[in-house]
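Everything below concerns the one structure shown next.
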Amino acid sequence: MQEFIAQTLNGLTLAGVIFLVSSGFTLVFGIMRVTNLAHGAVYLLGGYIGYSVIASTNSFFLGLVTAALSMAAFGFLLERTLITWLRRSEMAELLATLGLIYVIDDVALAIWGGNPLTINLPGILGQSSTLPVSGIVYPNGRIFILGVSIVVAAALYYLLRRTRVGAIIRAGVDDREMVGALGVNVRLAWTLVFTLGALLAGFAGVLGGTVLGLYTGADSDMLLFALAVVIVGGLGSFEGAILGSLLIGLVVDYGTAYFAAFAYSVLFIPVIVVLLVKPQGLLGRQGA
Amino acid sequence: MTAADRRPAGAVSPAGPGPPASRLARLTLVTLERSRPLIAPAAGVAVAVILVLLLQGNGFVSTLIEDALVYAIAAMALDFMAGYAGMISLAQAGFLGVGAYGVAIAENHFFSPWVAVGIALGVVLVAGLALGIVAVRTKGVSFVIITLALGQVLYGLAFQWTGLSEGDNGITLASLPSVGPIDLNDPLTLKMTVLVVFAVTALVLLLLVHSPFGLSLRGVRSNEARLTALGYRTGLHRYLAWVIAVFFAGVAGVLYIFVNSLISPTTMAFSADGFLVVMVVLGGLGSIWGPALGALVIVLFQQELSTYVSRWQTVMGLTLIAVVVLSPGGFWGLVRAAGRRRDALIARLRARQDGGAAPPGGAGQAAGPPLALEPAQPGTDPRQTP
Chain U
1045 MQEFIAQTLN GLTLAGVIFL VSSGFTLVFG IMRVTNLAHG AVYLLGGYIG YSVIASTNSF
1105 FLGLVTAALS MAAFGFLLER TLITWLRRSE MAELLATLGL IYVIDDVALA IWGGNPLTIN
1165 LPGILGQSST LPVSGIVYPN GRIFILGVSI VVAAALYYLL RRTRVGAIIR AGVDDREMVG
1225 ALGVNVRLAW TLVFTLGALL AGFAGVLGGT VLGLYTGADS DMLLFALAVV IVGGLGSFEG
1285 AILGSLLIGL VVDYGTAYFA AFAYSVLFIP VIVVLLVKPQ GLLGRQGA
Chain F
82 MTAADRRPAG AVSPAGPGPP ASRLARLTLV TLERSRPLIA PAAGVAVAVI LVLLLQGNGF
142 VSTLIEDALV YAIAAMALDF MAGYAGMISL AQAGFLGVGA YGVAIAENHF FSPWVAVGIA
202 LGVVLVAGLA LGIVAVRTKG VSFVIITLAL GQVLYGLAFQ WTGLSEGDNG ITLASLPSVG
262 PIDLNDPLTL KMTVLVVFAV TALVLLLLVH SPFGLSLRGV RSNEARLTAL GYRTGLHRYL
322 AWVIAVFFAG VAGVLYIFVN SLISPTTMAF SADGFLVVMV VLGGLGSIWG PALGALVIVL
382 FQQELSTYVS RWQTVMGLTL IAVVVLSPGG FWGLVRAAGR RRDALIARLR ARQDGGAAPP
442 GGAGQAAGPP LALEPAQPGT DPRQTP
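Chains as they are written, first to last, in my numbering: chain U, 1045 to 1332; chain F, 82 to 467.
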């Protein structure tokens, strides 16, 4: 029972990291119809940059902020150049971001090498403490990550539901043309969402680097989780990203713990069930 | 065609009305017109060179071409699905792996090599039929995402189901099939077999492309709603295209393990799925031959030049981006465009030589048709409105 609770907590932590990555992915897809396959690579690059900053300054939080901001800048540039040039075709954008994966991975390999790296959390976050219920000894860092992702989720929820920018984004997901026709600067909203998505991915890279590690292939793993989340939750749905992240995070964790031979395959049971029963996703509105 | 059109270039009277044709222009025209019948022989020579290099060349070049032909089979099949039905799959290397693992695992369980091949192709077909039910429910970008997920399931099984797949180490193949005089353990016989299977695959795919089925697939890509309205079962068309592409990926997988004697999960990783898409897009979506060329280029870089050019993946990624941005038709698209441009040039030069006989503008307009059989540039499908 204790192990099950610990696995559940691990699954929730993983869900937190997955949520940070997939919420940006789903919003970008929802409002821009851009399938950014390089989203996982941005996550990994953010993690690596965070690792280097932390290694040289010894400040975890500086690393976290630097990674998030540098990836936001990267996302901004990417949206203003490549994505803008390819405005004419969803498939062209997808293929170009596929090419970008190879570039980012290769550059990361050249700079940080092929050995897995782990980011250490500072001070008390790096230690473990006994949980009040059931007396499990659990790392503080994982609780911290879970807390941070809940705070980010709440902040994003506020942004989307209670601000003008959020209203524009939500309206854009529902009907892009109409929002543009109403005189809203859709162009600016797109850049903003894309930048926000990259910022969240870079932020998640540092957090994920503490518990999952940074390694060649972490990008495609994370991309896969994000894709599974958006399929299950519904493309473009923020609430779907929360629900999907919880589901995928827990399934991946239980799968790895209890069915090691089929950990990857177990992940796709919810994906395939959702596709067959409700192809637009659990909380998706229009046909994907 | 009028008599004036057929008149040899030298017979043009310089005293005719209109701008006088310069010597250079006349020379260009003659060269261009005489070059047309040379295209087929040139292609023939290229094929012959590849044949000689494959069968007679030293180990380096010969192995390279052999590997490229194996990947070309999977790439051409992917192009059949992606270029004609608009279904870009990121699971193709996964099915290649299923074919290869199928042979290796069956042989390790004491089946004879030929039976192992049969089992492998059967497993690929069943996997394709089953996963196709899920994949074909989606279109466009969603299809890419679903196939990426399916490809990773296959990769995950190869990587994590160590009881069957021996995990990261992969499985080696002990012996290759042989029947009568055909013994695949002999390298030369194996090369011939790879070549024959490649040729048969290309032929089958080309026949399919030009069959009514292939034409309706293009219709599904460009306007599915219209085909549905006309009574076509578009879902079934897409499903069949998927099964055909998956099956040939499995065929490539069987040859892959024959050639390499080893299959490991890396062959099915996400980057390998991506490589096949890169081969198709670089070569040219919707051209069958283009992806074969793309396979040659990528295999050349991946297996041979990677020791000399350390950052070749960066080069490849940037090339893919450049192709998508600048020339969505890929290499084959450039060839087609060059052909059209040449025809236009011929027409313009001819018009100028014939002087007032034909207005210069009109002839240029009439140029393109012979090569304009293809629908609008593949790969640049207009953004769907929600």
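Even glycine gets a Cβ: it sits at the ideal position worked out from N, Cα and C.
Buried versus exposed call for residue i [16 or more other C-beta atoms within 10 Å across all chains shown]
i: residue 1241 of chain U; result: buried
i: residue 460 of chain F; result: Residue confidence is low: residue 460 of chain F scores 41 on pLDDT, short of 50, so the model does not pin down where it sits. Its coordinate-derived value is still stated next. With 16 or more other Cβ atoms within 10 Å, it is buried.
i: residue 160 of chain F; result: buried
i: residue 444 of chain F; result: Residue confidence for residue 444 of chain F is low, a pLDDT of 40 falling below 50, so the modelled location carries little weight; the figure read from the coordinates is stated next. The residue in question, residue 444 of chain F, is buried, as its Cβ has 16 or more Cβ neighbours within 10 Å.
i: residue 190 of chain F; result: exposed
i: residue 1183 of chain U; result: buried
i: residue 195 of chain F; result: exposed
i: residue 1314 of chain U; result: buried
i: residue 154 of chain F; result: buried
i: residue 1078 of chain U; result: buried
i: residue 397 of chain F; result: buried
i: residue 1322 of chain U; result: exposed
i: residue 137 of chain F; result: exposed
i: residue 1057 of chain U; result: buried
i: residue 291 of chain F; result: exposed
i: residue 1121 of chain U; result: exposed
i: residue 1063 of chain U; result: buried
i: residue 1283 of chain U; result: exposed
i: residue 1178 of chain U; result: exposed
i: residue 405 of chain F; result: buried
i: residue 442 of chain F; result: For residue 442 of chain F, the predicted model reports a pLDDT of 44, less than 50, meaning its position is unreliable; a value from the coordinates is still stated below. When all chains shown are included, residue 442 of chain F counts as exposed.
Identified DSSP bridge partners for residue i
i: residue 27 of chain F; result: A query on residue 27 of chain F cannot be resolved here, the shown segment of chain F reaching from 82 to 467 and no further.
i: residue 252 of chain F; result: F:344
i: residue 1258 of chain U; result: U:1161
Boundaries of the beta strand (DSSP E) in which residue i is found, first to last residue
i: residue 1181 of chain U; result: 1181–1183
i: residue 1172 of chain U; result: 1172–1174
Where residue i meets chain F, residues with beta-carbon distance less than 9 Å
i: residue 1297 of chain U; result: Here the premise fails: no neighbours, minimum Cβ distance about 15 Å.
i: residue 1306 of chain U; result: 237, 238, 241 and 242
i: residue 1156 of chain U; result: Here the premise fails: no neighbours, minimum Cβ distance about 14 Å.
Start and end residues, alpha helix (DSSP H) containing residue i
i: residue 109 of chain F; result: 104–116
i: residue 1096 of chain U; result: 1083–1101
i: residue 304 of chain F; result: First-last for residue 304 of chain F: undefined, no H or E at that position.
i: residue 397 of chain F; result: 393–407
i: residue 1166 of chain U; result: Looking at the DSSP string, residue 1166 of chain U is not in any alpha helix (DSSP H), and its letter there is neither H nor E.
i: residue 413 of chain F; result: 411–434
i: residue 1302 of chain U; result: 1282–1302
i: residue 1073 of chain U; result: 1046–1076
i: residue 1214 of chain U; result: 1208–1218
i: residue 203 of chain F; result: 194–216
i: residue 131 of chain F; result: 120–137
i: residue 242 of chain F; result: Neither: residue 242 of chain F is in no alpha helix (DSSP H) and is coded neither H nor E.
i: residue 172 of chain F; result: First-last for residue 172 of chain F: undefined, no H or E at that position.
i: residue 1178 of chain U; result: Run containing residue 1178 of chain U: none; DSSP gives neither H nor E here.
i: residue 291 of chain F; result: 268–291
Distance CB(residue i)-CB(residue j) smaller than 8 Å
i: residue 1111 of chain U; j: residue 1237 of chain U; result: no
i: residue 322 of chain F; j: residue 166 of chain F; result: yes
i: residue 1221 of chain U; j: residue 222 of chain F; result: no
i: residue 1319 of chain U; j: residue 1272 of chain U; result: no
i: residue 164 of chain F; j: residue 367 of chain F; result: yes
i: residue 1269 of chain U; j: residue 1286 of chain U; result: no
i: residue 269 of chain F; j: residue 175 of chain F; result: no
i: residue 369 of chain F; j: residue 284 of chain F; result: no
i: residue 1093 of chain U; j: residue 1163 of chain U; result: no
i: residue 394 of chain F; j: residue 1146 of chain U; result: yes
i: residue 1070 of chain U; j: residue 1281 of chain U; result: yes
Proximal residues of chain F, C-beta to C-beta of residue i below 7 Å
i: residue 1111 of chain U; result: By Cβ distance, chain F contributes nothing, its closest Cβ being about 22 Å from residue 1111 of chain U, past 7 Å.
i: residue 1147 of chain U; result: 395, 398 and 399
i: residue 1309 of chain U; result: 234, 237 and 238
i: residue 1151 of chain U; result: 395
Residue i: contacting residues in chain U (beta-carbon distance under 8 Å)
i: residue 230 of chain F; result: 1268, 1271, 1272, 1275, 1312 and 1315
i: residue 207 of chain F; result: Neighbours of residue 207 of chain F on chain U: none; closest Cβ ~16 Å, over 8 Å.
i: residue 218 of chain F; result: 1319, 1320 and 1323
i: residue 221 of chain F; result: 1134 and 1135
i: residue 140 of chain F; result: Within chain U, no residue comes near residue 140 of chain F; the closest Cβ sits about 28 Å away, beyond 8 Å.
Contacts of residue i in chain U (Cβ-Cβ under 9 Å)
i: residue 413 of chain F; result: Result: empty, since nearest Cβ-Cβ is about 16 Å, beyond 9 Å.
Under 7 Å by beta carbon: chain U residues contacting residue i
i: residue 294 of chain F; result: Those within 7 Å of residue 294 of chain F in chain U number zero; the least Cβ separation is about 23 Å.
8 Å Cβ cut-off: residues of chain F touching residue i
i: residue 1143 of chain U; result: 359, 397, 398, 399, 400, 401, 402 and 405
i: residue 1264 of chain U; result: 233, 350, 351 and 352
i: residue 1129 of chain U; result: 406
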